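Asker:
In the working numbering, the protein residues as written are 16 to 468.
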């Protein structure tokens, strides 16, 4: 859509220049032509935005604003000067005006070029999927990122089957560092279409952006970004007290978010009412979601840091039935440091847990063991879990386990993406996720997960 509009825009601007060189060179005529051209451009983009097949419409917001401003300026200029403008329009200025227009609109279309017209992947389940949103306010905690003593707020985005019949297992998703709740949109829809209620969380100040109860946009914390980049760029296998302390801080915040959300959902389900922790304009819809939610069957899943947090929450709680870690280092399993080596939690992990990893990382675990003197934390945990499994994906990078390569190939490439076919790759990932939860939460089918993909 963005490229289609850009081509149309270029053609319209060229037509205006051609008219300046032929029929509409008089200044008054040129002013009128320019106003008509601006109107056509704005209406063209508006038509593209409003059609149902255009998704992620916010990509065009800046460009639409620019076109409206340009239309107002051109229209007012024509109305004010149409009887006063005399002489001929400079052809050179007309060409320069065209070049300037192309530059300014190209810049304003940047979000549309960076992000695709993504609306998820085909689902395999029988149900249509609906969505609902709420923000849960935890009055037992102050937000550590806020200086005014504000309570911690956790936005929750529900994806659920469009049906009033039966109840369906609850799955809570935690995004990665400076990710956001839609990072695995296709995963939520695939699960919901197959009879699951998915609660995708935003972790304010850890997420790229989110919204609070005041309607304000909360951006990712700058120091958090710097700390994450510092750790991710480190190639030293020697245990670090700084890294351990940061890991505990991050995991502690996120597990508190997850526990609060789970406890609040379970209480609302049992009481059949929303208490003051719920901030939503759609209370009836949320109650309908909870009505079809089976809080006796709960799964946890997350990507990267979100995967690590999900693993830790699964260890802490007795009501979790299955966990999936999408390419996350299990930071919560590191408990201390001794002789420059991390000490891991030696209590067998109590919940069925599936560890997704990249082939290059899996192959590098032997090097990690040789250089650090201890096994990689995920390997140690899976080997000592009561029911743990590792699944290895080749020809991929960290962001390929999310929808980002489908949402924005350019950003995904910068952050780490190399899958040849991102759509096929994510459908494979979603298939494994569904198989794991079907087996452990519903007791359906057989566990048909390969060691390598």
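A virtual CB, placed ideally from N, CA and C, is assigned to each residue, including glycine.
None of the values given here were measured: they were computed from a predicted structure.
(1) Helix, strand or coil: how does DSSP classify residue 142 here?
(2) Which runs of the beta strand (DSSP E) at least 3 residues long sit entirely within the region 21-79? Give them in chain order.
(3) Would residue 453 be called buried (16 or more neighbouring beta carbons within 10 Å of its own) or exposed?
(4) Taking residue 78 as the reference, which of 125, 43 and 290 has the closest Cα?
(5) Residues in its own chain within less than 8 Å of residue 363 by CB, not counting five upstream and five downstream?
(6) Go ahead and pull the three-state DSSP assignment for residue 312.
(7) Which residues share a DSSP beta bridge with residue 407?
(8) Leaving out the 5 sequence neighbours to the left and right, which residues in its chain are closer than 7 Å to residue 416 when beta-carbon positions are compared?
(9) Taking just the CA atoms, how far does residue 139 sit from residue 90?
(10) Please say whether residue 271 and residue 167 have beta carbons closer to each other than 9 Å?
(11) From the DSSP output, read off the bridge partner residues of residue 168.
(12) Taking only the alpha-carbon atoms, compute the straight-line gap between residue 149 and residue 429 and give it to the nearest angstrom.
(13) Give me whichever residues DSSP pairs with residue 189 in a beta bridge.
(14) What whole-angstrom Cβ distance do residue 264 and residue 352 have, given they're in contact under 8 Å?
(15) What runs of the alpha helix (DSSP H), each 4 residues or longer, lie entirely inside the region 237-317?
(16) In the DSSP assignment, what residue or residues form a beta bridge with residue 352?
(17) Around the C-beta of residue 96, are 16 or more other C-beta atoms found within 10 angstroms, so that it is buried, or is it exposed?
(18) Based on Cα-Cα distance, which residue from 389, 413 and 346 lies nearest to residue 375?
(19) Quick one: what does DSSP say residue 124 is sitting in, helix, strand or coil?
(20) Which value, in whole angstroms, describes the spacing of the CA atoms of residue 54 and residue 441?
(21) What whole-angstrom Cβ distance do residue 281 and residue 289 have, given they're in contact under 8 Å?
(22) At what residues does the beta strand (DSSP E) containing residue 341 begin and finish?
(23) Have a look at residue 228 and residue 303 and give me their C-alpha separation to the nearest angstrom.
(24) Tell me whether residue 184 sits in a helix, a strand or coil according to DSSP, three-state version.
(25) By the 10 Å Cβ neighbour count, where 16 or more other Cβ atoms means buried, how is residue 107 classified, buried or exposed?
(26) Check for me: the beta strand (DSSP E) holding residue 471 runs from which residue to which?
(27) Using only the alpha-carbon positions, how far apart do residue 117 and residue 380 sit?
(28) Run the CB neighbour count on residue 120, radius 10 Å, all protein chains shown included, and call it buried at 16 or more, exposed below.
(29) Just reading off the alpha helix (DSSP H) that residue 224 is part of, what are its end residues?
(30) Relative to the C-alpha of residue 331, which candidate in 86, 320 and 315 has its C-alpha closest?
(31) In terms of DSSP beta bridges, what is residue 173 paired with?
(32) Can you tell me which of the three DSSP states residue 426 falls into?
(33) Run through DSSP, which three-state label would residue 111 get?
(34) Using three-state DSSP, classify residue 362 as helix, strand or coil.
(35) From which residue to which residue does the alpha helix (DSSP H) around residue 442 run?
(36) Take the Cβ of residue 99 as the centre, count every other Cβ of all protein chains shown within 10 Å, and call the residue buried at 16 or more, exposed below.
Answerer: On the basis of the data shown:
(1) In this structure, residue 142 counts as coil in the three-state DSSP scheme.
(2) The beta strand (DSSP E) runs lying completely inside the region 21-79 and spanning 3 residues or more number zero.
(3) The residue is buried, with at least 16 neighbouring Cβ atoms inside 10 Å.
(4) In terms of CA proximity to residue 78, 125 leads the group 125, 43 and 290.
(5) So the list reads 399, 400 and 401, once near-sequence residues are dropped.
(6) Looking at residue 312 - three-state DSSP - the assignment turns out to be strand.
(7) Its beta-bridge partners are 372 and 467.
(8) The answer, listed in chain order, is 318, 341, 342, 371 and 444.
(9) Whole-angstrom Cα-Cα distance: 51 Å.
(10) Contact flag set, yes.
(11) Under DSSP, residue 168 shares a beta bridge with 152.
(12) Each residue's alpha carbon lies about 32 Å from the other.
(13) In the DSSP output, where bridge partners are listed per residue, residue 189 has 216 and 317.
(14) Between residue 352 and residue 264 the Cβ distance is about 16 Å, and since that is not below 8 Å, they are no contact.
(15) Counting whole runs of 4 or more residues, the region 237-317 contains the alpha helix (DSSP H) stretches 237-247, 256-286 and 298-306.
(16) DSSP lists 357 as partners of residue 352.
(17) Residue 96 comes out exposed.
(18) Taking the Cα of residue 375 as reference, the smallest distance to any Cα among 389, 413 and 346 is reached at 413.
(19) Correct three-state label for residue 124: coil.
(20) Spanning the two alpha carbons is a distance of roughly 41 Å.
(21) A Cβ-Cβ distance of about 13 Å is found for the pair residue 281 and residue 289, leaving them out of contact under the 8 Å criterion.
(22) Its beta strand (DSSP E) spans residues 337-341.
(23) The alpha-carbon of residue 228 is positioned some 22 Å away from that of residue 303.
(24) It is a strand residue.
(25) Result: exposed.
(26) Here the chain covers residues 16 to 468 and nothing more, so residue 471 does not appear.
(27) So the alpha carbons of these two residues sit roughly 51 Å apart.
(28) In summary, residue 120 is buried, with 16 or more beta-carbon neighbours lying within 10 Å of its beta-carbon over all protein chains present.
(29) That residue, residue 224, is in no alpha helix (DSSP H); its beta strand (DSSP E) goes 224-226.
(30) Nearest Cα to residue 331 within the set 86, 320 and 315: 315.
(31) Partner residues in the beta bridge of residue 173, as assigned by DSSP, are 147 and 214.
(32) It is helical.
(33) In the structure shown, residue 111 sits in a helix (DSSP, three-state: H, G or I).
(34) Residue 362: coil per DSSP, three-state reduction.
(35) Unbroken alpha helix (DSSP H) run through residue 442: 437-452.
(36) The residue in question, residue 99, is exposed, as its Cβ has fewer than 16 Cβ neighbours within 10 Å.
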